[in-house]
Amino acid sequence: GGTKKNPAKRKVSKNNNHRYLTTSKIRGMARNGKITGFTSRVRLKEHFEKHVAEINKASGKNLSNEDSYRKEAISVTKEGRYVPKMHAFIKRISKARKNRDGFLYEFVGVDVKTGKITTLHIKTSRMLKKKGARVAWPNK
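Quick note on numbering: my numbering labels position 44 of the sequence shown as 65, and the sequence is numbered without any gaps.
The structure is reproduced here in structure tokens:
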């Protein structure tokens with residue numbers, strides 16, 4: 022005979038009270054347009070001011086206000102690839118200046134409890150690989 026598992030040690034209860042959203046749930050939310058904004062207006066404002074210049078420079082886009090920044094983050098969740106280890110969506114935008122850095126990616130962090138966006142900024146292939154993401158490298 023086998024041993025019975027202790028029900029108190031289960032991570033997920035039968036009534037689906039998850040502490041965190043699953044990877045498939047987050048991917049589904051993005052695909053269906055349910056990831057619609059940042060965790061707060063304050064966080065949106067802070068991250069817009071902090072990252073907008075680097076995003077405009079790397080992507081050639083002109084994100085001129087918080088709303089355009091928010092819409093760009095939402096588009097990355099829809100078009101990009103989800104990396105569960107980083108709780109983020111990534112989307113390749115261009116080749117990095119230095120060959121050793123690979124490509125530049127737009128990076129959108131997601132709160133795994135709420136499914137809301139936490140940040141949008143730029144990361145290189147090199148940075149993403151260090152964190153365990155599988156990313157492309159340009160041909161030499």
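By construction, the Cβ of each residue, glycine as well, lies at the ideal position given by its N, Cα and C atoms.
From the options, residue whose alpha carbon lies closest to that of residue i
| i | options | result |
| --- | --- | --- |
| Val-104 | Arg-40, Lys-151 and Asn-77 | Lys-151 |
| His-108 | Leu-65, Pro-159, Leu-149 and Lys-66 | Leu-149 |
| Ala-51 | Ser-96, Ala-157 and Arg-118 | Ser-96 |
Buried/exposed call for residue i, threshold 16 Cβ in 10 Å
| i | result |
| --- | --- |
| Val-63 | exposed |
| Thr-43 | exposed |
| Gly-49 | exposed |
| Glu-100 | exposed |
| Ser-146 | buried |
| Lys-144 | buried |
| Asn-36 | With a pLDDT of 47 at Asn-36, under the threshold of 50, the predicted position of this residue should be treated as unreliable, though the coordinate-derived value follows. The residue in question, Asn-36, is exposed, as its Cβ has fewer than 16 Cβ neighbours within 10 Å. |
| Arg-91 | buried |
| Gly-123 | buried |
| Glu-70 | exposed |
| Glu-127 | buried |
Check: residue i C-beta below 8 Å from any heavy atom of the ligand NAP
| i | result |
| --- | --- |
| Arg-102 | No copy of the ligand NAP appears in this structure; indeed no ligand is present at all. |
Coil, strand or helix - residue i by DSSP
| i | result |
| --- | --- |
| Tyr-126 | strand |
| Val-97 | helix |
| Tyr-41 | coil |
| Lys-119 | coil |
| Arg-91 | helix |
| Arg-155 | coil |
| Lys-134 | coil |
| Met-148 | helix |
Check your understanding: Is the region 56-71 touching the region 136-145, taking contact as three or more C-beta pairs under 8 Å?
Key -> yes
Practice item. Only counting runs of 4 or more residues, tell me where the alpha helix (DSSP H) segments fall wholly within the region 48-86, in order along the chain. Key: 62-80
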